[in-house]
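If you read the sequence shown in my numbering, its first letter stands for residue 31, the second for the next number, and so on. The C-beta atom is built at its ideal place from N, Cα and C for all residues, glycine as well. I have placed the structure first, in the form of structure tokens, so that the comments after it can refer back to it.
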Amino acid sequence: MTSNFAPEINQKICQLVHEAGQKAMHLREIGFQVDQKGFDDYVTNVDRELDIFLSQRFQDWFPNDVVISEENTDSIALWGKSPDTKPRFWFIDPIDGTDDFIHGREFYSVMVGLLEADQPVMGWVYAPKSDRLYFGGTAINNLYLISEASQGNSPQALDVCPPIGKSCDRLIVSKKDDIAYGNAIRLAVPSVEFYSLGSFGLKVMEVVQGRASAYIYLNRRVKLWDTVGPLAIAKAAGLVCCDLTGQPVGFGYGDIDADKLTHNQVIIVAWQKFIDEYREAIYQEITKSCTVM
Numbered sequence: 031m032t033s034n035f036a037p038e039i040n041q042k043i044c045q046l047v048h049e050a051g052q053k054a055m056h057l058r059e060i061g062f063q064v065d066q067k068g069f070d071d072y073v074t075n076v077d078r079e080l081d082i083f084l085s086q087r088f089q090d091w092f093p094n095d096v097v098i099s100e101e102n103t104d105s106i107a108l109w110g111k112s113p114d115t116k117p118r119f120w121f122i123d124p125i126d127g128t129d130d131f132i133h134g135r136e137f138y139s140v141m142v143g144l145l146e147a148d149q150p151v152m153g154w155v156y157a158p159k160s161d162r163l164y165f166g167g168t169a170i171n172n173l174y175l176i177s178e179a180s181q182g183n184s185p186q187a188l189d190v191c192p193p194i195g196k197s198c199d200r201l202i203v204s205k206k207d208d209i210a211y212g213n214a215i216r217l218a219v220p221s222v223e224f225y226s227l228g229s230f231g232l233k234v235m236e237v238v239q240g241r242a243s244a245y246i247y248l249n250r251r252v253k254l255w256d257t258v259g260p261l262a263i264a265k266a267a268g269l270v271c272c273d274l275t276g277q278p279v280g281f282g283y284g285d286i287d288a289d290k291l292t293h294n295q296v297i298i299v300a301w302q303k304f305i306d307e308y309r310e311a312i313y314q315e316i317t318k319s320c321t322v323m
């Protein structure tokens, strides 16, 4: 384990993330408001309420760490303020997959990630509608799933397995990336089948569990609160997290836009076999046909 990370801390975080997810479902049932933050970017009052709920708890629990959450714009300014000391960072996404939440679909989640020494070391991803809580990372050298978490079930080892059969041809690609880059990817991987769902974190869990060979994310809008938790789980599962050139996804100050906390790289989360067979071909086809932002 990393310093100052104990089993009882993990248990508290699991309980808190689960509680936040249950609150999200309850608040949705009684009604919510939607505001537009930017182009194709929406937020609800539930996002904001859960953001405060989660952030305050983490600030109380970890007063010496930095807590950054999606809906607290003041917290974003804390990134990069202490480049020499490299504090631990907690990243909170109160609702990942807000569009799914708004429209009553199941693929949204509550996510927390721990970044230490520029590496994602622990993640929690809770899907309230399916009542499944994924957590783990190199901080505990293990990965777990609590199925039907609301029933008080105990954590079980997460079934991490590479894709077999038709799952080998499945890639998770968003509709936007399909429109912009889908033809190029199909040229590189002729047998490919695209699919998608809401939450970034739940997309990564699809790959971890072998339901897809890779998740390819090319539009560079994803932010640290989207990536730290899920990629901590992916890295602990042995997946490759890299860009189209094969460079590992970076989490240092130079790898991130300081104002938006977006990654400067595009992101591929994939099994090694897929990387070995297709990454270079995808890179070449995309480079020939279009420009990746």
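- Around Q186, the same chain offers Y174, L175, I176 and S177 as residues with beta carbons nearer than 8 Å, after the five sequence neighbours per side are excluded.
- Two segments are said to touch when three or more pairs of C-beta atoms, one from each, lie closer than 8 Å; by this definition the segment 261-281 touches the segment 303-321.
- Taking 8 Å as the cut-off, the beta carbon of F230 is found closer than this to the beta carbon of V252.
- The shortest CA-to-CA distance from Q52 to any of S85, L80, N40 and A36 is the one to L80.
- Using a C-beta cut-off of 8 Å, the segment 255-267 makes contact with the segment 129-143, since at least three inter-stretch Cβ pairs fall below that distance.
- By the CB criterion at 8 Å, F119 and A54 fall outside the cutoff.
- Secondary-structure assignment with DSSP links R162 through a beta bridge to A157 and S177.
- Less than 8 Å separates the beta-carbon of V299 from that of V234.
- Taking C-alpha positions only, L57 is separated from K303 by approximately 43 Å.
- Nearest in C-alpha terms to I170, of all of R162, S160 and V151, is V151.
- Beyond the five residues adjoining it in sequence on each side, A242 comes within less than 7 Å, by CB distance, of P193, S197, R200, L201, I202 and E236 in the same chain, given in chain order.
- Within the model, the alpha-carbon separation for Q149 versus F62 is close to 36 Å.
- K253 has T292 as its beta-bridge partners, per DSSP.
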